[in-house]
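If you count by mature numbering (1 follows the signal peptide of the UniProt record, and there is no 0), then the sequence shown holds residues -22 to -1, 1 to 229, one letter each, in order.
What follows is a set of notes on a single structure, which appears directly below.
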Amino acid sequence: MDRAQLLLLGLPLFLFCSDLFSLFTPPPPPPHHHHHHHHHPPHHHHHPPHHHHHPPHHHHHPPHHPPQHHYQPITIELPPEKTTSSIANSGLGNTVNINFCSSCSYRGTAVTMKNMLDIAFPGTEVILANYPPSLPKRLLSKLVPVVQIGVIGVVVAGEHIFPVLGFAAPPPWYFNLRANKFGTIASTWLLGNALQSFLQSSGAFEIYFNGELVFSKLKEGRFPGEIELKDLITKKMTNSLRVNGVSELMS
């Protein structure tokens, strides 16, 4: 055990002494001799041949510098950044109108399209509005409630209404309606509401870009896809940019 303890103590001491010896010994001279040879030639005038042999060593260094031409691909990637920035800023000042049938439950689809356009074309104003039906349908839709109230009033109080209108006795069909009073009132109310909703609905989902029609559900018979609508707006936007650029050049 004593020998083992001596070995365990002796090895660390030996390593510690070797480290101290390596610290206090001077560094190896070979790397410094090369620098001295470069600085000494001006002092040694007796060795002109050595000055003639050094230039060839300088001619061997230029081949190591040409690999610095790896910066050229960076200049090729710059133009796409400019084009993307111009496309991102092209939405400023443009307006997209989404006119939809509010009575057809199209508002959810219109809001989804609006959020998509706000993200895809920042700066573009997206306006949602109701697309009204044609004038004849609007007039008829306003007459439906009047007819509903008239039929219900006749069924409930026809005995008093017909004498006021100049009838000596109510017509025969009145008694048929009066016989099924509840069914007549319910059917009049339900059918009138269905007819009114049909007359008030236009079924439209029209999209305009700066007043120009881009997509029409009335013509296509379907809703536009998000990618399809984005492509249509992008084409219209690029065309408007080209027209504006030509007008600026002409002015």
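Where a beta carbon is used, it is the ideal one built from N, C-alpha and C, also for glycine.
It should be emphasised that the depicted structure is a prediction, and the values quoted were computed from it without experimental measurement.
A107 sits exposed, since fewer than 16 C-beta atoms from the chains shown fall within 10 Å of its C-beta. A residue is called buried when at least 16 other Cβ atoms come within 10 angstroms of its Cβ; T90 does not meet this threshold and is exposed.
Here the alpha carbons of I205 and S80 stand approximately 24 Å from one another.
Here the alpha carbons of V125 and L118 stand approximately 11 Å from one another.
Spatial neighbours of A147 in its own chain (CB-CB distance under 8 Å, excluding positions within 5 residues in sequence) are listed in chain order as F140. Annotated three-state conformation of L169 is helix, per DSSP. Y109 carries a coil assignment under DSSP once its states are collapsed to helix, strand and coil. In the structure shown, F140 adopts helical secondary structure according to DSSP, grouped into three states. Taken through DSSP and simplified to helix, strand or coil, T102 comes out as coil.
In terms of Cα proximity to G101, the closest of P114, S83, V74 and L191 is V74.
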